Structures are given as C-alpha cells and as structure tokens.
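Chains as they are written, first to last, in our numbering: chain A, 1 to 168; chain B, 1001 to 1506.
In this text, a Cβ means the ideal position worked out from N, Cα and C, and glycines have one as well.
Just so it is clear, the structure is predicted and the values come from calculations on it, not from any experiment.
See the structure below:
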C-alpha cells in the first residue's frame, strides 16, 4: 500500500493517528455502553443478573482491549506510514458523499428515482460517460429491480411521488 | 444411521422438484456473480438476496440461499486466477500460483484445477456433515444452558486465539459486537436498555444491516481507494484442457485429503475459510517436493487452498444446523434467514424440521455438482462481468445494498445505519480489526447472554457451573486453550529453544 502512495507522490493522514482515532472511538462507544448498562442496573436482581449485567462487562472488555491497543500503538515507533493518500481519500469520499445523499433522499423520492439519480451522477462524474449511456443504465437498472422485487418476488420497496403518479 | 440415509434420499426428492432445481441454478449463477464482483461477497450477497426468499417455503429459500453461497465460493477462484484480484478473502492464497499459471497461458488448467478441488473439498465436507451432524444434534439435545454457553465460549475463543489479526483487536471488535447486539429489548427481563430514548434504537442493531454495511459498503470504499483497473488474462476453457487436467489431478490425492481435513477442522471452529486456505497452502509448500517452486505457477498451489477453502466454507454449516452456532459470517446470515422464516435454529431442527434439514444437506450435494458444471461452462461469461468498469458497477452495488438493508425491516433508517456501518467497516478493515467476529457477536449476543444468565441463575451466581460436569468442563477448557493459543504456542517454542540451548551447552 505504501508503495502506491509513494508512487502518487501524495501525502495523507498518518496511519498511526487513524489507529489512535479508531481505538478512542471504540472506547467512546463502550463508555456509552457502560453508561446505558448502569442505567438499567448491572447487579443481581430478583430474576438473576439484571439487564445491564452482560453489556456492562462486554463494554468493560472493549475498553480494556482498546487500552491495550492504544498502548501498543504509542509504544511502537512512528514509521511515517500513511493511512491513505489524500487523492485516494478523495476517491473514497466520492463514494461516501453521493451515498449519503442517496440514503437521505430515499424516504422522499422513493428508492427507484433515488437509485436512477445515483447511477447517472456516479457514471457521469466518476466514469465520465456520455449522458446517453449514464441515463440508459440509470433508467434500466431501477426498472429491472422494480420488475424483480415488486412483480416477481412481491417485496415492496419505498416509493415516492413518481410511482404514485404512475399508479403504484 | 439407516434412517438418516432414508432421510437424505427424501431430501434429494425435495431438491429434485423442478421449482427447487430452478432456484438452485438461479442461486448458483447469482452466487458466482456475487463472488466475482468486488464489494459483494458470500455474506452480504446472501444478506442482500435474503428478501427475495420471504415469500418462499423455508426449504426452497434455504436451497436458493445456500446455492448463492456455493456460487460465491466458486466465483472467488475465477477472479483470483484470471485477474489476480481475489473476489473473496479466502481466494487470496489461490492468486499465488493461479495467476502465474494464467500468465503462462495455462488459465484453463488452473481454473479446472481450482473448480475441481473446490468441488472435492465441498463434497468431503458435505459427507462429513451428513455423517456427523445428526449425531452432534442428537448429543446436543441434552445440553443445558451451561453447555450451550460453553459452545459459544469455545466458538468465540477460537476466534481470538486462531485469527491472524492482533488478539486484542479481535477482542475489541467482538465485544463491541456483543454490545451492539445487546441494545434494545432485553430478552430475559423484557426491559429496554441502552436505547437512550431514541425510537429507532428500540429494535437494536440488526446484524443483517451490519453485514451489508461492513462487508458490502466497506468493501466498495476499499476497492475505490485502490483505484482498481481490471486487466485480466483471456478466459478460455475447452473440454480438452478440462479432461487433461482431470487426468493429472488424482496424483495429488494426498494433498487433497490433507487440505480437506484442514478445511473441515478450520471450518467447524469459526476461524473460517480464509485461514484454512492459507494454512493449507503453507503446509503444502513445506511438504511438497516442488515446494520451492510455489508461487511460480504450480498446480498444487491452486489445489491446496481451493480444496481447504471450500471444505471450510461448507463445514461452517455443520455447527449452524446442528447447534445453531454459525461457523462463518455467511452461515450466520443463513441462520438469520432461519429466524425470519420462522424456524428455531438448534439441535431440534433435526427432529422437528426433517424436510428442511435434509433438503439443505441434499442441496449441498446437488448444488456443488450443478455449480461445478455451471462454472466450467460459463467462465468467459462471468469473467466478462469484471470487464464492466467500476464506475458502473459501484453505484449498482450500492443500490442493491440499500435495497437489501431496507427490506430487512421495511425501514429507511436501516439504510442510513448501513452507510454508517460501511464507513466504520472501512476504517476497521484498514486498521486490521477483523469484521467477522463482530458480526457473529451481534447475531449470537442475545443467545449467548441468555445461556450465560440462565446458567448463573441456576448456580446462584457462581461461575463454578461452567466446570460442574465433565462435558461442560471439557468444552470450557478447550475454549481457554483456544483463547490462549498464541501464548501457549510462543511458550512452547521458547521452551524448545531453551532445551536446545541447554543441550548445546552440555
């Protein structure tokens, strides 16, 4: 991996920092878990261990494991390894951002229209396809999924104003 | 025993119904596609296609889903050999010798060897399942909560001790999985916990969402980052090459047998297909006379990992159907399917759902035969899929992941959670946190907790209940051995080095 980043000549966040971030984030989740467990009781009740008993110890284990992992990272020498180059992360964001918009508009536009928009935008922006190709794929895939799920396997998917207009 | 054989034939009759045969073929084809595409794999492929089976009978549903799994196992080999891209983690070891063979123009030979060994490995594992599963299930009927918990304990400990990832990272990711699984309704007291008043958290985190997010979205992000361009060898497979390779393969029967055994062993313990394939490749390299030539295109280097991976992938279903403890994430998804279709996984399946269990086992036999035929004949077609550019494939996979996540509970909030899991999966994967234990912990969390609390309730809170009789003590001790395996191994090596030094000193 480091070879690839060297070749592109790029810089990026250090692997070490991301590792530390991930460990801290997990520990944070575990702290929330401990808080939630204590709320419902972690001791011994009339029906045996209370509801928070198991999650409490599980969260405690996460914190201990994260502490060990953190200790290991801090104890090791910083070799300047990159997590990923900025140009690589840009590509990753180029998926995450449209995907986030996509899941946000599904409840309003319905899954078929949202999917069509996602595919067209993706092919246009990243693949640099001509409009005609992007629109063709963007229309055909949702229609096929519609046939497959709603017609053949009878699984209803979220629908928006367009489907209502067409009478579904 | 005889009764089991009768049941098996009854199972074959169920599978041979035209509708089920059709589902089998559809399943295999979908499975190979899933296995070939980056970002889709056995576990999330099955998870995404799970909703298609909601309106089917459980037996037809499991036939289709398990066939998707077989297909995915076969599909991984195609991309490894032709494109040097492992479609699945367990086919990484296949690239070592498979891709060099393809570069030398021996792609047909490598593919035939890979498919045939996959088939042999799977067949071995299925026969093992046929013989062993009913016995295990029968035995397990007598299990109390303490024994059940000890089985879970063994399963999770072997994850920590046997996986390649750093043990404390495995612990962190597994325990986080248990924690996520615990959110929502407490099964024992019926109390709500850790929901913090958020309505969407009432149902907890569904593991299917986690599977689709962690494996599906996470994998797309990884692929995107690597900016893969697929350039592969031409895929041609004619009958002459197939028969020629088949004539050659029996020579490696010992290698196959060893790989089968490694695969079955690793598959039953939840370490899974990936380490099995590496281990089998490693041992073959050490033992074989051509060991030093491994990596330059040795057919043995394809046979060993493929046989083991398929044997492991198949035998991962043994604990799933006989104990209700899945041996791999894909088996976990199938287990989730059982719950959705209204079946209770566990040893009782063998007595209460005979049609289902034996239909599944029969479909393993048939599915692998059909799978072998399909992949041998359709390789060029599947290879063509990989030539579709990623900028077209990626959004389509995203759409299917979203559909899969939505249909689990008909809830758009789950689609958002899927994306969150996806980003988390990307970071975890990049930092060497294994994802499989997390998924299994989310699935099994409730059950493991229930067994744990019931045992403690019976013993008034004393942990001695887990060492109260021979059976439970044995399983628990095995679990501890698996847990501390790296330490034991290190200690053993050090002891040997020490005695060696002492002898040298004498």
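What residue from the options has the CA that sits closest to residue i's CA?
i, options, result
"residue 1259 of chain B", "B:1248, B:1350, B:1283, B:1238", "B:1283"
"residue 1091 of chain B", "B:1108, B:1066, B:1103, B:1117", "B:1117"
"residue 1347 of chain B", "B:1024, B:1098, B:1247, B:1147", "B:1147"
"residue 110 of chain A", "B:1412, B:1477, B:1293", "B:1412"
"residue 1433 of chain B", "B:1206, B:1026, B:1218", "B:1218"
"residue 1037 of chain B", "B:1443, B:1395, B:1445", "B:1395"
"residue 160 of chain A", "A:112, A:25, A:91", "A:112"
"residue 46 of chain A", "B:1115, B:1416, B:1325, B:1460", "B:1460"
"residue 1306 of chain B", "B:1475, B:1295, B:1280", "B:1280"
"residue 78 of chain A", "A:15, A:44, A:120", "A:15"
"residue 1240 of chain B", "B:1253, B:1007, B:1108, B:1009", "B:1108"
"residue 1414 of chain B", "B:1125, B:1200, B:1192", "B:1200"
By how many angstroms is the C-alpha of residue j removed from the C-alpha of residue i?
i, j, result
"residue 1 of chain A", "residue 12 of chain A", "Note that residue 1 of chain A scores 39 on pLDDT, short of 50, meaning its location in the model is unreliable and no value can be drawn from it."
"residue 1167 of chain B", "residue 1337 of chain B", "30 Å"
"residue 1369 of chain B", "residue 1376 of chain B", "11 Å"
"residue 1244 of chain B", "residue 1251 of chain B", "13 Å"
"residue 1155 of chain B", "residue 165 of chain A", "53 Å"
"residue 28 of chain A", "residue 1177 of chain B", "14 Å"
"residue 106 of chain A", "residue 116 of chain A", "11 Å"
"residue 85 of chain A", "residue 18 of chain A", "13 Å"
"residue 124 of chain A", "residue 118 of chain A", "10 Å"
"residue 141 of chain A", "residue 1398 of chain B", "12 Å"
"residue 1263 of chain B", "residue 1086 of chain B", "19 Å"
"residue 56 of chain A", "residue 48 of chain A", "15 Å"
"residue 1179 of chain B", "residue 1049 of chain B", "27 Å"
"residue 121 of chain A", "residue 1226 of chain B", "21 Å"
"residue 7 of chain A", "residue 1489 of chain B", "Any reading at residue 7 of chain A needs caution, since the residue's pLDDT is 43, under 50, leaving its predicted position unreliable; the model's value is listed next. Taking the straight line from one Cα to the other gives about 39 Å."
"residue 1224 of chain B", "residue 1341 of chain B", "36 Å"
Alpha helix (DSSP H) containing residue i: first to last residue?
i, result
"residue 1507 of chain B", "Given a span of 1001 to 1506 for chain B in the structure shown, any question on residue 1507 of chain B remains unanswerable."
"residue 1310 of chain B", "1300-1315"
"residue 1292 of chain B", "Premise fails: residue 1292 of chain B is in no alpha helix (DSSP H) and is neither H nor E."
"residue 42 of chain A", "Element bounds for residue 42 of chain A: n/a, residue is neither H nor E."
"residue 87 of chain A", "86-109"
"residue 161 of chain A", "161-166"
"residue 152 of chain A", "Unbroken run through residue 152 of chain A: none, as it is neither H nor E."
"residue 1221 of chain B", "1218-1226"
"residue 1128 of chain B", "1107-1140"
"residue 1238 of chain B", "Counting along the chain, residue 1238 of chain B falls outside any alpha helix (DSSP H), and DSSP gives it neither H nor E."
"residue 78 of chain A", "Premise fails: residue 78 of chain A is in no alpha helix (DSSP H) and is neither H nor E."
"residue 1447 of chain B", "1436-1458"
"residue 1092 of chain B", "1092-1103"
"residue 1194 of chain B", "That residue, residue 1194 of chain B, is in no alpha helix (DSSP H); it is neither H nor E in DSSP."
"residue 1215 of chain B", "It is not in any alpha helix (DSSP H) - residue 1215 of chain B carries neither H nor E in the DSSP assignment."
Which bits of chain B does residue i rub up against, with CB to CB less than 8 Å?
i, result
"residue 13 of chain A", "Within 8 Å Cβ-Cβ: nothing; residue 13 of chain A doesn't reach chain B, min ~11 Å."
"residue 65 of chain A", "1168, 1169, 1171, 1172, 1175"
"residue 170 of chain A", "There is no way to answer for residue 170 of chain A, as the model of chain A reaches only from 1 to 168."
"residue 118 of chain A", "1395, 1398, 1399"
"residue 19 of chain A", "1431"
"residue 29 of chain A", "1176, 1179"
Please confirm whether residue i and residue j have their CB atoms less than 9 Å apart.
i, j, result
"residue 1098 of chain B", "residue 1032 of chain B", "no"
"residue 1208 of chain B", "residue 1061 of chain B", "no"
"residue 1482 of chain B", "residue 1215 of chain B", "no"
"residue 1063 of chain B", "residue 1371 of chain B", "no"
"residue 1287 of chain B", "residue 1248 of chain B", "no"
"residue 1358 of chain B", "residue 1161 of chain B", "no"
"residue 1452 of chain B", "residue 36 of chain A", "no"
"residue 1374 of chain B", "residue 1028 of chain B", "yes"
"residue 1419 of chain B", "residue 1132 of chain B", "no"
"residue 23 of chain A", "residue 64 of chain A", "no"
"residue 1320 of chain B", "residue 1070 of chain B", "no"
"residue 30 of chain A", "residue 1194 of chain B", "no"
"residue 1278 of chain B", "residue 1077 of chain B", "no"
Taking residue i as the query, report the chain B residues whose CB atoms sit under 9 Å from its CB, ordered along the chain.
i, result
"residue 154 of chain A", "1054, 1055"
"residue 162 of chain A", "Result: empty, since nearest Cβ-Cβ is about 16 Å, beyond 9 Å."
"residue 137 of chain A", "1392, 1395, 1396"
Which residues of chain A have a Cβ atom closer than 8 Å to the Cβ of residue i, listed in chain order?
i, result
"residue 1305 of chain B", "By Cβ distance, chain A contributes nothing, its closest Cβ being about 23 Å from residue 1305 of chain B, past 8 Å."
"residue 1224 of chain B", "91, 92, 94, 95"
Listing by chain order, which chain B residues have their CB less than 7 Å from the CB of residue i?
i, result
"residue 59 of chain A", "1179"
"residue 44 of chain A", "1461"
Please determine whether the Cβ atom of residue i lies at a distance below 8 Å from any heavy atom of the ligand NAD.
i, result
"residue 1301 of chain B", "Within the structure as shown, the ligand NAD is missing, as the structure has no ligands at all."
By the criterion of Cβ-Cβ separation under 7 Å, what are the contact partners of residue i in chain A?
i, result
"residue 1423 of chain B", "96"
"residue 1064 of chain B", "Within chain A, no residue comes near residue 1064 of chain B; the closest Cβ sits about 11 Å away, beyond 7 Å."
Since residue i meets chain A, which of its residues come closer than 9 Å, beta carbon to beta carbon?
i, result
"residue 1453 of chain B", "47, 48, 49, 53, 54"
How would you list, in chain order, the residues of chain D whose beta-carbon sits under 8 Å from the beta-carbon of residue i?
i, result
"residue 123 of chain A", "No chain D is part of this structure, whose protein chains are labelled A and B."
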